[in-house]
Each structure stands twice: as structure tokens, then as C-alpha cells.
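In the numbering used here, the protein residues as written are 3 to 296.
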Amino acid sequence: MEEKVSVGGVNLSPMPRGVPPQSCGAALVPQHQGQSLAWMTLAASGISYPCHHLGVCRRSSPANTQQPTEECADVHMVSDSEGDDFEDASEFGVDESVMFGMGSSTGCRKAPLMPENTENEGDALLHFTAEFSTRYGECHPVFFIGTLEAASQEAFYGKARDRKLLAIYLHNDESVLGNVFCSQMMCADSIVSYLSQNFITWAWDVTKEANKARLLTMCTRHFGSVVAQTIRTYKTDQFPLLLIVMGKRTSNEVLNVIQGNTTVDELMMRLMGAMEIFTAQQQEDIKDEVFYCA
Numbered sequence: 003m004e005e006k007v008s009v010g011g012v013n014l015s016p017m018p019r020g021v022p023p024q025s026c027g028a029a030l031v032p033q034h035q036g037q038s039l040a041w042m043t044l045a046a047s048g049i050s051y052p053c054h055h056l057g058v059c060r061r062s063s064p065a066n067t068q069q070p071t072e073e074c075a076d077v078h079m080v081s082d083s084e085g086d087d088f089e090d091a092s093e094f095g096v097d098e099s100v101m102f103g104m105g106s107s108t109g110c111r112k113a114p115l116m117p118e119n120t121e122n123e124g125d126a127l128l129h130f131t132a133e134f135s136t137r138y139g140e141c142h143p144v145f146f147i148g149t150l151e152a153a154s155q156e157a158f159y160g161k162a163r164d165r166k167l168l169a170i171y172l173h174n175d176e177s178v179l180g181n182v183f184c185s186q187m188m189c190a191d192s193i194v195s196y197l198s199q200n201f202i203t204w205a206w207d208v209t210k211e212a213n214k215a216r217l218l219t220m221c222t223r224h225f226g227s228v229v230a231q232t233i234r235t236y237k238t239d240q241f242p243l244l245l246i247v248m249g250k251r252t253s254n255e256v257l258n259v260i261q262g263n264t265t266v267d268e269l270m271m272r273l274m275g276a277m278e279i280f281t282a283q284q285q286e287d288i289k290d291e292v293f294y295c296a
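1) Where Val266 and Glu121 are concerned, what is the direct C-alpha to C-alpha distance, given to the nearest angstrom?
2) Could you spell out where the beta strand (DSSP E) holding Ala113 opens and where it closes?
3) Could you compute how far the alpha carbon of Gly249 sits from the alpha carbon of Thr222?
4) Please report the residue range of the alpha helix (DSSP H) in which Met220 lies.
5) Using a 10 Å radius around the Cβ and a threshold of 16 neighbouring Cβ atoms, would you call Gln284 buried or exposed?
6) Kindly indicate which three-state DSSP category Asn258 falls into: helix, strand or coil?
7) Would you kindly work out how many angstroms separate the C-alpha atoms of Gly275 and Tyr196, rounded to a whole number?
8) Run through DSSP, which three-state label would Ala205 get?
9) Gly139: buried (16+ other C-beta within 10 angstroms of its C-beta) or exposed?
10) Which term fits Asn174, buried or exposed, when burial requires 16 or more other beta carbons within 10 angstroms of its beta carbon?
11) Touch check for the region 157 to 174 and the region 201 to 210: three-plus C-beta pairs under 8 angstroms?
12) When you compare the CB positions of Ala230 and Leu244, do they come within less than 7 angstroms of one another, or not?
13) CA-CA distance, Thr209 and Ile288?
14) For a test of the three-state rule: what should DSSP assign to Tyr236, helix, strand or coil?
15) Given a cut-off of 7 angstroms, decide if Pro242 and Phe183 are closer than it, judged by their beta-carbon atoms.
16) Tell me the rounded alpha-carbon separation between Ala1 and Lys161.
The following block contains the structure:
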């Protein structure tokens with residue numbers, strides 16, 4: 003009688019004589035290639051780790067086919083880190099995380115969008131833009147490279163017909179909403195196009211406390227303590243935030259604070275709502291500009 007083992011629907015034949023399992027650092031599994039058999043490691047066979055449902059069958063050998071019988075038993079196979087197989091694998095320098103597709107936590111750790119305690123805001127924004135592109139692709143809003151003050155000047159203090167709204171994107175890597183908001187909202191073609199046409203977009207990463215404190219100082223200086231206090235009230239899981247700011251004659255006004263738990267349609271609707279308010283104000287500013295220049 004010939005014993006066969008079925009793993010994940012694959013029938014395993016006995017290992018050829020003279021081929022020790024240690025030669026591969028793990029048990030071997032046959033793989034049909036034409037009429038011959040090739041061999042592969044269990045790790046490469048697609049079995050689940052650390053548990054796998056293993057079916058063991060006893061079948062008649064090809065020489066005795068008159069009365070074929072089949073006895074099957076289900077075995078629940080559980081890996082044991084102290085078992086012989088893993089000891090053999092470690093002896094041959096096989097990394098278990100590589101064998102079973104589990105990367106180390108260090109390898110999976112994302113680089114920060116913004117380094118901590120960067121003295122130059124322009125350099126911080128360059129780093130932010132480069133890392134954002136690496137994570138989410140090249141289709142994203144054009145982030146203003148420079149200080150928050152320079153972004154405000156660009157948006158609010160040109161000729162009335164050239165003014166725009168200021169969108170301040172605040173990112174926090176510790177929020178579970180961050181990746182979804184960036185990949186599905188901020189990188190959506192419609193959002194990218196609308197922001198590029200009507201807004202100056204400035205960004206900051208508040209994951210690190212030092213960077214968050216620096217942002218609050220900047221917001222207090224340019225928009226007042228009320229805006230800074232508003233940002234403080236938001237919890238980590240409410241980030242990312244998108245602040246929509248409009249420049250006015252005597253002060254700057256935050257029209258809207260959009261939280262991370264939104265949809266593309268809702269985000270677009272709120273951007274368009276802010277644009278309606280801005281357009282009405284812009285028309286008044288154009289009239290005043292013409293009057294004072296006459």
C-alpha cells in the first residue's frame with residue numbers, strides 16, 4: 003500500500019529516496035511538471051500558517067487496482083515553534099517570516115510624511131510631498147512649498163480676481179482614517195482637479211507632538227487663537243482634517259473643517275459650498291478694488 007497525503011487539494015507522494023528533507027531546510031512537496039515530479043518546500047506550497055487542515059488518505063497502489071479502497075482521516079495540523087521542522091529550518095538559516103510571507107514590523111513601518119523638528123518649513127513640505135507621492139501615487143493635490151504665511155499671501159493678498167481659498171490639510175499617521183482619506187479622497191481625480199483650480203493647498207503632518215505644537219503656534223499667529231483651539235479639540239481618530247480658510251479685509255475666516263470620516267461626494271459638496279461663499283465675497287472685493295482705483 004502507498005500512503006498519500008493531501009494538503010490544500012494537492013496529493014503528496016512519498017519523498018524520493020536519497021533526498022533528505024534537510025536539503026531544502028523544510029519538508030518537500032511534489033509538483034507535477036509534465037511526466038516528471040519536481041519538488042518544492044511546504045512553505046511554497048500555499049498552506050496556511052500557523053494552522054492548516056490536512057487530509058490523510060490511504061489508497062491502493064497502482065499494482066493492486068482490482069478492489070480500490072480509500073480510508074481518509076482529517077488531521078488538524080498546528081505548527082509548533084519548538085517542533086523539529088522549525089528547528090531544522092532555523093539550522094539552515096531559513097527566516098520563518100520570509101517562508102510564510104510575514105514581513106518584520108521594522109520592514110513594514112512607514113517613513114514619516116514629515117521629519118520631526120525640521121527648522122525650515124519649505125524643506126518639511128518638500129519631504130511631505132515626496133513621501134505622500136511614494137505612498138499614494140503622483141495624482142494628488144499640488145501642495146504649496148513654503149511657509150503657512152507665504153501660502154496665505156499667495157491665496158489672499160493678490161488682486162481680487164486672482165485670489166483663492168486656502169485649503170490646509172492636516173495629516174496624522176496614528177489615525178485609522180488616514181490611508182483611506184488620502185488614497186480615495188485626496189487622490190480622487192475630481193478632488194485633485196477642483197483643489198488645483200480653486201485653492202492654494204498647504205499641508206502639515208501633526209503625528210509628532212513637536213510638529214503639532216509648531217502648527218498650533220503658526221495658526222495662532224496667522225488665524226488667531228480660536229482656530230488653534232479648534233484644532234486642539236479634535237481627537238486623533240478624527241484626523242485627517244481639511245481646513246478651508248477664506249481671506250477677508252481685516253481677518254482670515256475658517257469656513258469649514260472637514261474630518262476624515264467623509265466620502266468623495268460629501269467632500270466635493272463641501273468644497274463647492276465654500277466656493278459659493280468665496281465667490282460672493284470675491285465679487286464684492288472686485289467692485290471695491292475698481293472703486294478705489296477709479
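Glycine included, every Cβ here is placed at the ideal spot set by N, Cα and C.
Please read these numbers as outputs of a predicted model, since none were measured by experiment.
On the basis of the coordinates in this document:
1) Looking at the backbone, the Cα of Val266 and that of Glu121 are separated by about 35 angstroms.
2) First-last for Ala113: undefined, no H or E at that position.
3) 15 angstroms
4) That run of the alpha helix (DSSP H) goes 211 to 225.
5) buried
6) Note: Asn258 maps to strand in three-state DSSP.
7) 12 angstroms
8) strand
9) exposed
10) The residue is buried, with at least 16 neighbouring Cβ atoms inside 10 Å.
11) yes
12) no
13) 40 angstroms
14) coil
15) yes
16) In the structure displayed, the chain extends from 3 to 296; residue 1 sits before or after that span and is not available.
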